[in-house]
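Just so we're aligned, residue 447 is where the sequence shown starts under our numbering, counting upward by one.
Structure first, commentary second.
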Amino acid sequence: MKEIIQRDNPILREKAVSIAVGEITSEKIKKIIAAMKDAMALQKDGVAIAAPQIGVSLRIFVVSGSLLKQADKKYRGDGTDLVFINPEIIKISKEKKEVEEGCLSVRWLYGKVKRSLRVTLKAYNEKGEKIERGASGLLAQIFQHETDHLNGILFIDKAKEVWEMTEEEIREVRGVQL
Ligand code: ZN
């Protein structure tokens, strides 16, 4: 389960299923979250991961707090990982910007995608508590990319321009992948 599923796998195209609130703190979900963190850490450049990327069609995504801090100097979080369960975008800015984006499940393509500058997400955290969180910068881009994953959408569906790079080029020049 630590392998990242690649783009031709139909799991990436499914609409992932919500988790019953009472199940959020179960051993099963804890194990899935731990496996997602392990899989993301093995990639080194992985700043976020959605459950379908490890073959689990459930509505969870995880953001690496430490990589986010490194990659986005404006990010004010304390560097701990962020877990979002049953996430839902409840506000999204009309103002968009073309950003460069890559995905752990679409090696080794890179592209330009229009993303909203600001997003508010509601979700549950891993303790089963309701949370609401606004984001800008890289975290806003992550919220949109990972929510797309949970709806069976990959960035290459939306990208205007896609190009291939070598693994070295992507890791050195482009930084983090979503
Ligand atoms: Zn991705």
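Glycine included, each C-beta is placed from N, C-alpha and C at the ideal position.
Could you check if residue i belongs to the surroundings of the ligand ZN, using beta carbon to heavy atom distance under 6 Å?
i, result
"L624", "yes"
"S464", "no"
"S551", "yes"
Among the residues of its own chain, which have a CB less than 8 Å from the CB of residue i, if the five just before and after it don't count?
i, result
"L563", "S539, E541, K542, K543, S582, A586"
"T566", "I535, I536, K537, I538, E578, R579, G580, A581"
"R617", "K490, D491"
"D518", "G583, L584, L585"
"K476", "E572"
"G511", "G523, D524, G525, T526, D527, L528"
Counting only the same chain and skipping the five closest in sequence on each side, list residues whose C-beta sits under 6 Å from that of residue i.
i, result
"I506", "A497, I531"
"Q516", "none"
In whole angstroms, what is the alpha-carbon distance linking residue i and residue j?
i, j, result
"W609", "R553", "11 Å"
"D603", "I470", "31 Å"
"I588", "E613", "21 Å"
"N455", "K520", "35 Å"
"V559", "K448", "28 Å"
"A569", "V508", "12 Å"
Of all the options the options, which has the alpha carbon lying nearest to the alpha carbon of residue i?
i, options, result
"P533", "E575, K520, G557, K474", "E575"
"K474", "R459, V502, K448", "V502"
"V622", "I457, A494, L458", "A494"
"L458", "C549, V467, Y570", "C549"
In chain order, what residues of the same chain lie with their CB nearer than 7 Å to the CB of residue i, ignoring the 5 residues before and after it?
i, result
"R453", "S551, V552, L600"
"K573", "T471"
Ignoring anything shorter than 3 residues or poking outside the segment 566-591, list the beta strand (DSSP E) runs there in chain order. 576-582
Quick one: which unbroken alpha helix (DSSP H) runs of 4-plus residues sit fully inside the segment 507-565? Chain order, please. 511-517
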